[in-house]
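Asks: Let me begin by handing over the structure; questions about it come next.
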Amino acid sequence: MNRHIAIYPGSFDPFTNGHMDIVQRGLEIFDTVTIAVANNVDKKSLFTVSERIDILTRLTADNSRLKVETFDGLLVNYVVEKKARVILRGLRAVTDFEFEFQLAQMNHTVCQQVETLFMMTSPKFAYLSSSIVKEVGRLGGDISKFVPPLVMEELLKKFASNS
Ligand code: ADP
């Protein structure tokens, strides 16, 4: 069991500056942070899982303490398979709380050795979500303050190819 790895799971469709903030703060505490893209077939996404992996791999290429992976099925099984103990999640507002609370309880019940650690959003990212970015971007708004430049480039390409 490795105490120094945190698994940061999510959809990351797309990865925003709010996600990046959690990752960077996570790296202050853990030796490595694995960004784990959920392969959730039920969720309608803008980018495919492989596109998201590709973007994230390029985005994190210069930091060997950051890993990018995808997982299917139960998150706790994946966490145990990685010999990790900690799931890292971000909290923005009370609206996130109920769902996250339920998920963390469920995961802990399924696997007692896995703990979920929550990091409060930095206030400047409190309003930021992947869906808001997609909505504003699709309508032609300026999204440069919300996502890393590489993500913005990929979003603009995606909107152009979808229109
Ligand atoms: P999911 O579909 O699992 O909610 P997301 O990609 O939307 O995945 O989010 C992944 C994680 O990042 C979640 O824990 C979410 O609460 C957190 N998160 C998303 N946006 C922000 C933000 N602006 N500030 C802090 N945490 C965030």
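Throughout, the working numbering is defined as the position within the sequence shown, counted from one, plus 1032.
Beta carbons are placed, not taken as given, at the ideal position from N, Cα and C, and that holds for glycine.
Nothing here was measured: the structure is a model prediction, and the numbers come from that model.
1. Tell me the rounded alpha-carbon separation between Lys1221 and Ser1193.
2. Counting contacts by CB-CB distance shorter than 8 Å, is Gly1042 in contact with chain B?
3. Based on the DSSP secondary-structure assignment, which residues constitute the bridge partners of Lys1099?
4. May I ask you to list the residues that DSSP assigns as paired with Ala1158?
5. Between which residues of its own chain and Ser1176 is the CB-CB distance below 8 Å, once the five residues before and five after are set aside?
6. Taking Cβ positions, are Arg1097 and Leu1059 nearer each other than 8 Å?
7. Verify the contact flag: Arg1117, CB atom, against every heavy atom of the ligand ADP, threshold strictly below 7 Å.
8. Any heavy atom of the ligand ADP closer than 7 Å to the beta-carbon of Asp1074?
9. What does DSSP give as the partner residue(s) for Arg1121 in the beta ladder?
10. Kindly indicate which three-state DSSP category Ala1136 falls into: helix, strand or coil?
11. Please classify Lys1075 as buried or exposed, where buried requires at least 16 other C-beta atoms within 10 Å of its C-beta.
12. Compute every distance between the C-beta of Pro1155 and the non-hydrogen atoms of the ligand ADP, then say whether any falls below 7 Å.
13. Please classify Phe1129 as buried or exposed, where buried requires at least 16 other C-beta atoms within 10 Å of its C-beta.
14. Count the other CB atoms within 10 Å of the CB of Ile1054; is the residue buried (16 or more) or exposed (fewer)?
15. Which first and last residues belong to the alpha helix (DSSP H) in which Gly1058 is found?
16. Give me, in chain order, the residues of the same chain whose beta-carbon lies closer than 8 Å to that of Val1142; leave out the 5 immediate sequence neighbours on both sides.
Replies: So, from the data block:
1. Residue 1221 is absent from the model: the chain starts at 1033 and stops at 1195.
2. Chain labels in this structure do not include chain B; a single protein chain is all it has.
3. BP columns for Lys1099 point to Thr1066.
4. According to DSSP, Ala1158 bridges with nothing at all.
5. Around Ser1176: Met1184.
6. Yes; because the gap between Cβ atoms is below 8 Å, this pair is in contact.
7. Answer for Arg1117: no, Cβ out of range of the ligand ADP.
8. Residue side-chain check: Asp1074 keeps its Cβ at 7 Å or more from all non-hydrogen atoms of the ligand ADP.
9. In the DSSP assignment, Arg1121 is bridged to Phe1150.
10. Three-state DSSP puts Ala1136 in a helix.
11. Counting Cβ neighbours within 10 Å, Lys1075 comes out exposed, since fewer than 16 surround it.
12. No - the ligand ADP has no heavy atom lying nearer than 7 Å to the Cβ of Pro1155.
13. Phe1129 sits exposed, since fewer than 16 C-beta atoms from the chains shown fall within 10 Å of its C-beta.
14. Here Ile1054 is buried, its C-beta having at least 16 other C-beta atoms within 10 Å.
15. For Gly1058, the enclosing alpha helix (DSSP H) starts and ends at Asn1049 to Ile1061.
16. Sequence-distant partners of Val1142 (beyond 5 residues in either direction) whose C-beta falls short of 8 Å from its own C-beta, in its chain, are Leu1106 and Val1108.
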